[in-house]
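Taking it in order: structure first as structure tokens, then the write-up.
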Amino acid sequence: MPKKAPGERWRYIAFRIHAGERFTRNEFLGALLSVSRKRRLGDSFRITVFEDDLGILKVPHLLKDEAIETLSQVGRVEGVPCRVETLRTSGTIKTLKEKYLRDERASRARWE
Numbered sequence: 003m004p005k006k007a008p009g010e011r012w013r014y015i016a017f018r019i020h021a022g023e024r025f026t027r028n029e030f031l032g033a034l035l036s037v038s039r040k041r042r043l044g045d046s047f048r049i050t051v052f053e054d055d056l057g058i059l060k061v062p063h064l065l066k067d068e069a070i071e072t073l074s075q076v077g078r079v080e081g082v083p084c085r086v087e088t089l090r091t092s093g094t095i096k097t098l099k100e101k102y103l104r105d106e107r108a109s110r111a112r113w114e
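Add 2 to the 1-based position in the sequence shown for the working numbering, that's all there is to it.
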């Protein structure tokens, strides 16, 4: 990922992977890179959080729409069919962590 240029802003995109099994961060990253290399997004993103089926992608703000489209194009990870759902976009990672990761952990604890 390139270094941040002065004045560049980031966007954080929360996403959920719907599939029959769980993937590692590196497995998902490989699938995402294979799709993004064909696009303007390239490798100008970072998966900052990846837990179970939830993740947060960090992208330059000008490539936010491109990143959302790229996420939606991931159809297979390690040969397993999947669908990636974008949950929310934010200017801060804190907002997404509080909303999705904390709430998700709490709801899973109730049902486990």
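Note that CB positions come from ideal geometry on N, CA and C, so glycine has one too.
| Check | Outcome |
| --- | --- |
| Assigned exposure category for Leu-43 - 16 Cβ within 10 Å defines buried | buried |
| Inter-residue Cα distance where the pair is Phe-17 and Val-82 | 18 Å |
| When Val-51, Leu-103, Arg-13, Glu-87 are compared against Arg-27, the one with the closest alpha-carbon | Val-51 |
| Inter-residue spacing [alpha-carbon to alpha-carbon] between Arg-48 and Gly-22 | 24 Å |
| Sequence-distant residues of the same chain with beta carbon closer than 8 Å to Arg-39, five excluded per side | Asp-45 |
| Beta carbon of Thr-91 nearer than 7 Å to that of Ile-15 | yes |
| Ranges of the alpha helix (DSSP H) found wholly within the stretch 27-53, counting only runs of at least 4 | 27-38 |
| Where Gly-57 falls, given that 16 or more other Cβ within 10 Å makes a residue buried | buried |
| Exposure label - Thr-94; buried when at least 16 CB within 10 Å | exposed |
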